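Number 43 in full-length UniProt numbering belongs to position 43 of the sequence shown; there are no gaps in the numbering. Yeah, the Cβ is synthetic: ideal placement off N, Cα and C, and Gly gets one too. Model, not experiment: these values are computed from the prediction. Structure first, then comments.
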Amino acid sequence: MHDIPTEQNSPKVIERARAQMAKAREAQDERPNDASHCHGRSMRVGGYLSALMIEDLISNGQYMQLLSEWEAVDRMTALASAPKAE
């Protein structure tokens with residue numbers, strides 16, 4: 001895939017991914033009642049993590065770990081799992 005050899009699961013790549021997740025969460029916090037905005041940020045993180053895996057920069061296991069970390073702080077995940085008012 002790459003002309004230049006790369007290290008899968010490099011600490012720098014994982015650190016950048018976590019920084020992107022933190023940035024997305026901060027953006028969600030700026031407009032917490034805007035579901036469309038929060039959803040867009042959530043989808044962006046998912047796409048970013050998927051791209052890292054597709055390009056073999058992170059393994060499937062690392063992808064799942066980062067996705068789990070994201071879901072733990074993502075507003076959209078929290079909204080989806082909130083009890084429904086009857």
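Quick one: is serine 68 buried, meaning 16 or more other Cβ sit within 10 Å of its Cβ, or exposed?
The sequence position of residue 68 within the sequence shown is 68, counting from 1. Counting of Cβ neighbours within 10 angstroms places serine 68 among the exposed residues, the total staying below 16.
Best match in His37, Ala19, Leu57 for proximity to arginine 75 [C-alpha to C-alpha]:
Reading the sequence shown from its first residue, position 75 is the one you call residue 75. For arginine 75, the nearest C-alpha among the options comes from His37.
Supposed close pair alanine 27, leucine 52 - CB separation, criterion 8 angstroms:
Looking up residue 27 in the sequence shown gives position 27. Looking up residue 52 in the sequence shown gives position 52. Not a contact, Cβ separation roughly 19 angstroms.
Report the option in Ser50, Ile58, Trp70 whose CA atom is closest to the CA atom of proline 11.
Residue numbering aside, residue 11 sits at position 11 when the sequence shown is read from its first letter. For proline 11, the nearest C-alpha among the options comes from Ile58.
Would you tell me roughly how many angstroms separate the C-alpha atoms of alanine 19 and aspartate 34, rounded to the nearest one?
Within the sequence shown, the letter at position 19 stands for residue 19. Within the sequence shown, the letter at position 34 stands for residue 34. The straight-line gap from Cα to Cα measures roughly 22 angstroms.
Cβ of alanine 72 within 9 angstroms of Cβ of valine 45?
Translated into positions along the sequence shown, residue 72 becomes position 72. Translated into positions along the sequence shown, residue 45 becomes position 45. The answer is no: Cβ separation not under 9 angstroms.
Considering only residues of the same chain and omitting the five flanking positions on each side of tryptophan 70, which have a CB-CB separation below 6 angstroms?
Working through the sequence shown from its first residue, we reach residue 70 at position 70. So the qualifying residues of the chain are Met21, Val45.
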